[in-house]
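Worksheet: one structure, shown below.
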Amino acid sequence: MPKLILAVLVVVALLGVAWVRLAPHDPARWHLDPRMVSRPETPNFHLLRMGDGDAAAPLFDMAPGALAERLHAVATAQGARLLAGSVADGHMTYLTRSRVMGFPDYTTVLIEPAQDGSVLTAFARARFGYSDMGANRARLQSWIAALTG
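Here it is as C-alpha cells:
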C-alpha cells in the first residue's frame, strides 16, 4: 500500500510539472497595456510605470522604433520568446521560463515617444505561484541595464 501511495504521488507530481511546461498560452490574456493593468494581489510581478509602479518607467535617449528593436534583441538573446504584439508597434509580450522548473513568466513592454526620446513601460509577472522570488524584477533590471550599457 505505501508503494501505491508513493506511485500515485509521483504521477501527480509529474502531471503537475507537465502542466507547467505544456499549458497553452492565451496571448489575449497576457498581452495587456502595462499603463492600465491593475496591480496583482500576489507579489509575483514587477511593474515599471509612472505613478503606482514598483519603479518609474525609464526614459531613453533614442527613438521608439530603435528602442523597440534593441529591446527585442536583448530579450531574445536572454531566451525570451515573442508571444504577442510586434516590434514595429512597440508593444510586445514575451514568454520566459525559470531555469530549473520552467515556470512561465510573461513580460509585456510598451515603448512610446517621450520628450526627445522614448519611455519604456513594462509589466512582468509569473503565471503560476504566489511569489516569483524577485525573478521578474531581476529580468527587467537586466534588460534595462543592457539597454543603457
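Basically the working numbering = 1-based index in the sequence shown + 1443. Glycine included, every Cβ here is placed at the ideal spot set by N, Cα and C.
Taking 7 Å as the cut-off, is the C-beta of residue i nearer than that to any heavy atom in the ligand NAP?
| i | result |
| --- | --- |
| residue 1585 | Looking at this structure, you won't find the ligand NAP or any other ligand, since it has none at all. |
Hey, would you say residue i sits closer than 8 Å to residue j, going by beta carbons?
| i | j | result |
| --- | --- | --- |
| residue 1551 | residue 1566 | yes |
| residue 1518 | residue 1586 | yes |
| residue 1525 | residue 1549 | no |
| residue 1491 | residue 1482 | no |
Of all the options the options, which has the alpha carbon lying nearest to the alpha carbon of residue i?
| i | options | result |
| --- | --- | --- |
| residue 1509 | 1447, 1499 and 1554 | 1554 |
| residue 1575 | 1534, 1545 and 1522 | 1545 |
| residue 1573 | 1584, 1579, 1485 and 1469 | 1485 |
| residue 1577 | 1535, 1446, 1561 and 1487 | 1487 |
| residue 1479 | 1498, 1564 and 1520 | 1564 |
| residue 1466 | 1590, 1588 and 1540 | 1540 |
| residue 1473 | 1590, 1569, 1581 and 1592 | 1569 |
| residue 1531 | 1513, 1494 and 1445 | 1513 |
| residue 1528 | 1515, 1562, 1493 and 1590 | 1515 |
Report the partner residues of residue i according to the DSSP bridge assignment.
| i | result |
| --- | --- |
| residue 1548 | 1539 and 1569 |
| residue 1580 | Answer is none; residue 1580 lacks a bridge partner. |
| residue 1507 | In the DSSP output, where bridge partners are listed per residue, residue 1507 has none listed. |
For my contact list, residue i and residue j are in at a C-beta cut-off of 8 Å; report their separation, rounded to the angstrom.
| i | j | result |
| --- | --- | --- |
| residue 1558 | residue 1502 | 7 Å |
Can you tell me where the alpha helix (DSSP H) holding residue i begins and where it ends?
| i | result |
| --- | --- |
| residue 1472 | 1470–1473 |
Where do the N-terminal and C-terminal ends of the beta strand (DSSP E) with residue i fall, by residue?
| i | result |
| --- | --- |
| residue 1524 | 1524–1529 |
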